[in-house]
Amino acid sequence: RSQGAAGGGGAGLRKLLAEAAPEQYETVVLEAVRAEVAKALEFDSPQDVDVSLPLQDIGVDSLTAVLLRNQLSDMTGLALPAKIAFDHPNLRSLSQFLFTKIQESGLLAAAAAATEPAAPKESAGARRAEDKGVKKGHLEPELQFKNAPKALTRPQAVFLTGATGFVGAFLLHELLKSNVPVHCLVRARDEEHGSARLTETLDDYGLWDADYAHLLKPVVGDLTQHMFGMAEDAFNQLADEVDAICHSGALVDWMLPLETYLGPNVVGTHEALRLASRGRGKVIHFVSTAATLPKYLGYEVSKDVLEYGYLTSKFMAEQMVAAARYRGAQASIYRLPFVGASSSSGGFRLDQGDFLHNLISGCIGLGSFPSLDTQLGGVLPVDYLARTITQAMTQDFARIGRNYDFVNPKAPTFNDFVELVRAAGADVETVPFTEWKARALQYAKAHPKSSLARISAVVDSLQQKDFESMEGTALGSDVFGGDNYPCPPVSEESVQPYVDRISAALMSSDLKPDAARSMVAQPA
Numbered sequence: 014r015s016q017g018a019a020g021g022g023g024a025g026l027r028k029l030l031a032e033a034a035p036e037q038y039e040t041v042v043l044e045a046v047r048a049e050v051a052k053a054l055e056f057d058s059p060q061d062v063d064v065s066l067p068l069q070d071i072g073v074d075s076l077t078a079v080l081l082r083n084q085l086s087d088m089t090g091l092a093l094p095a096k097i098a099f100d101h102p103n104l105r106s107l108s109q110f111l112f113t114k115i116q117e118s119g120l121l122a123a124a125a126a127a128t129e130p131a132a133p134k135e136s137a138g139a140r141r142a143e144d145k146g147v148k149k150g151h152l153e154p155e156l157q158f159k160n161a162p163k164a165l166t167r168p169q170a171v172f173l174t175g176a177t178g179f180v181g182a183f184l185l186h187e188l189l190k191s192n193v194p195v196h197c198l199v200r201a202r203d204e205e206h207g208s209a210r211l212t213e214t215l216d217d218y219g220l221w222d223a224d225y226a227h228l229l230k231p232v233v234g235d236l237t238q239h240m241f242g243m244a245e246d247a248f249n250q251l252a253d254e255v256d257a258i259c260h261s262g263a264l265v266d267w268m269l270p271l272e273t274y275l276g277p278n279v280v281g282t283h284e285a286l287r288l289a290s291r292g293r294g295k296v297i298h299f300v301s302t303a304a305t306l307p308k309y310l311g312y313e314v315s316k317d318v319l320e321y322g323y324l325t326s327k328f329m330a331e332q333m334v335a336a337a338r339y340r341g342a343q344a345s346i347y348r349l350p351f352v353g354a355s356s357s358s359g360g361f362r363l364d365q366g367d368f369l370h371n372l373i374s375g376c377i378g379l380g381s382f383p384s385l386d387t388q389l390g391g392v393l394p395v396d397y398l399a400r401t402i403t404q405a406m407t408q409d410f411a412r413i414g415r416n417y418d419f420v421n422p423k424a425p426t427f428n429d430f431v432e433l434v435r436a437a438g439a440d441v442e443t444v445p446f447t448e449w450k451a452r453a454l455q456y457a458k459a460h461p462k463s464s465l466a467r468i469s470a471v472v473d474s475l476q477q478k479d480f481e482s483m484e485g486t487a488l489g490s491d492v493f494g495g496d497n498y499p500c501p502p503v504s505e506e507s508v509q510p511y512v513d514r515i516s517a518a519l520m521s522s523d524l525k526p527d528a529a530r531s532m533v534a535q536p537a
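In this text, residue positions in the sequence shown follow our numbering: the first is 14, and each later residue adds one.
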């Protein structure tokens, strides 16, 4: 990857971007820049470069800054100032600056053109969607829902977005298991490639069954584009083939700028609603996030808050769904809390995981957890969440048309969960929060490939009170997890496969739990 990114006036980077989904572009640029820094400073691996440290702290001086500028100019095809390395506090900031310049240069458009089978009118359509204010969260006035079904029945075919993601894969599995044909939006060269991506994702989570093959119908497209980048005839044909939409696709990494989320999270929702407004009457099931709840509760969310971009984009999407309801649409919203590993298999996100998984996996590698009395009522397993949404879609028609939150009133405290982790065989201790934080940051610095290193910027800013968000919040009485669709108990039996998977991953890396803990000096 790092060698392919260099040279050619941006050609190598353009190739990397062409192979990635739009929501991955910023990460691709960061990793490519990270590789160039590693090369300039002679690191053994790009993963050894801490993207949160000041560049001077990782060895950039006046000489290597010029070398680095030359390599970055060659990689991006951009003219860059000689002191660019000293104009930004760390590698992440530098990468975001370059990403903005790459966007302005048209390199991203060139990358998209390399793989998108788009006709000229589709590119015009993408501009049209942006010009009409879609990226500001406005639902186009012409989208009306007079076709919304009056009598609700079990869907005969479902259109699903986000099926190659974590939650989406489990939703797809539950629908296929229920014998429902599923048309899955997927970025791919063609339908064969799309089918391969979908089956590979399910297989990676241990969810694939060959008997599902006749129910799986890939739809090649792009969540960020007008009509998903499809020709209008194909889009209208799809609208006539499905009678339910489960919109789960989204960019979930919640530490990026708002602009990054507008395509996948806002435009994607708008185009799902466009599909619902055409052809057969369709019920819309929108998978959102509990991160939007503070705005509903009257709290102002500052742009300085790490999750501002993510939660704002999802709030905008929810408002679009609400506008569609006002125009006659049948739509449900499911605000997911912290999504935990599967309670049956222990499966967790394969793309390095989210904050919660990185925290738990990192603490097992570190050998210690922070002492927290926080109730984990806002942490629910992915298989339970997917099963509940699928049952509400296919069986519980009286509930359609409302907004649902999730809580587990019988959840253990964080400390109780650590006891279950310990009972499952992990050699871990519990220490005061401030002591744990010092250990965690020291460990992350010493082990840049570890789970804790991935979230070190967040850990550095964490206070003990920040974990209160794991307690779970709900609005009104439309809540799943208690009396309605009760959440399965968190027990040693459900925690065991998760701990086993984490331990296996650590053992296959250089971060064996026992050795890892011995490498961390105890803080004074």
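Where is the CB? At the ideal position from N, CA and C, for every residue including glycine.
| Check | Outcome |
| --- | --- |
| Is the distance from the Cβ of Ala252 to the Cβ of Arg293 below 8 Å? | yes |
| Alpha carbon to alpha carbon, what distance is there between Ala336 and Leu349? | 21 Å |
| Let me check understanding here. Comparing Cα to Cα, which of Val444, Asp473, Phe446 and Thr273 lies closest to Lys458? | Asp473 |
| Report the residue ranges of all alpha helix (DSSP H) runs contained in full by the stretch 189-251; include only those spanning at least 4 residues, in chain order. | 204-217 |
| Per DSSP, what kind of secondary structure is Arg338 in: helix, strand or coil? | helix |
| Can the beta-carbon of Arg415 be found closer than 8 Å to that of Asp491? | yes |
| Is there a C-beta anywhere in chain D that falls below 8 Å from the one on Lys159? | Among the chains of the structure shown, chain D does not appear; only one protein chain is present. |
| With burial defined as no fewer than 16 other Cβ atoms inside 10 Å of the residue's Cβ, what is the status of Gly72: buried or exposed? | exposed |
| Nearest to Leu363 by CA position, among Ser65, Ala45, Glu153 and Tyr511, is which residue? | Tyr511 |
| Between Phe158 and Ala285, how many whole angstroms is the CB-CB distance? I'm expecting something under 8 Å. | About 12 Å; that fails the 8 Å criterion. |
| I think Ser469 touches Ser65, with their Cβ atoms under 8 Å apart; what is that distance to the nearest whole Å? | 6 Å |
| Within the stretch 382-417, note down every full alpha helix (DSSP H) run reaching 4 residues or more, in order along the chain. | 395-407 |
| Assuming Asp70 contacts Pro461 under a Cβ cut-off of 8 Å, what Cβ separation, rounded to an integer in Å, is found between them? | That belief does not hold up - the Cβ atoms of Asp70 and Pro461 are roughly 13 Å apart, past 8 Å. |
| According to DSSP, is Glu187 part of a helix, a strand, or is it coil? | helix |
| Which runs of the beta strand (DSSP E) at least 3 residues long sit entirely within the stretch 273-327? Give them in chain order. | 296-302 |
| Measure the C-alpha to C-alpha separation of Ser516 and Ala439 and round it to an integer number of angstroms. | 8 Å |
| Of the residues Leu454, Asp418 and Arg452, which one's Cα is nearest the Cα of Thr542? | Since the first residue of the chain shown is 14 and the last is 537, residue 542 is not available in this structure. |
| Please state whether DSSP places Ile115 in a helix, a strand or coil. | helix |
| From the DSSP secondary-structure annotation, give me the bridge partner or partners of Ile258. | Phe172 and Ile297 |
| Going by C-alpha distance, which of Ala344, Ser482 and Gly391 is nearest Val411? | Before going further, note that residue 411 is Ala rather than Val in the sequence given. Among Ala344, Ser482 and Gly391, the Cα nearest to that of Ala411 is on Ala344. |
| From this set, Phe56, Phe351, Thr89 and Val171, which residue's C-alpha is nearest Thr9's C-alpha? | For residue 9 there is no data in the structure shown, the boundaries of the chain being 14 and 537. |
| With 16 as the cutoff for other CB atoms within 10 Å, does Met520 come out buried or exposed? | exposed |
| Using the DSSP secondary-structure output, state which residues sit across from Arg348 in a beta bridge. | Ser301 and Asp418 |
| Between Val508, Ala399 and Gln116, which lies nearest to Arg27 when the distance is taken from Cα to Cα? | Gln116 |
| Between Lys327 and Leu152, what straight-line distance do the alpha-carbon atoms span, to the nearest angstrom? | 14 Å |
| Taking its Cβ as the centre, do 16 or more other Cβ atoms sit within 10 Å of His260, making it buried, or is it exposed? | buried |
| How is Pro35 classed by DSSP in three states: helix, strand or coil? | helix |
| Per DSSP, what kind of secondary structure is Glu484 in: helix, strand or coil? | helix |
| Starting from the Cα of Gln332, find the closest Cα among Thr401, Tyr309 and Gln169 and give me that residue. | Tyr309 |
| I need the straight-line Cα distance from Ala518 to Ser463, nearest angstrom please. | 11 Å |
| Judging by CA-CA distance, which residue of Arg467, Thr113, Glu44 and Leu215 is the nearest neighbour of Leu372? | Arg467 |
| Please identify the residue among Tyr321, Ala161, Leu165 and Gly234 whose C-alpha is closest to the C-alpha of Tyr339. | Ala161 |
| Note down the Cα distance separating Pro422 from Asn428, rounded to an integer number of angstroms. | 16 Å |
| Do Leu211 and Ala176 come within 8 Å of each other at the CB atom, strictly closer than that value? | yes |
| Would you report the Cα separation of Ala33 and Leu236, rounded to the nearest angstrom? | 13 Å |
| Pairs of beta-carbons, one from the stretch 444-457 and one from the stretch 372-391, closer than 8 Å: are there three or more? | yes |
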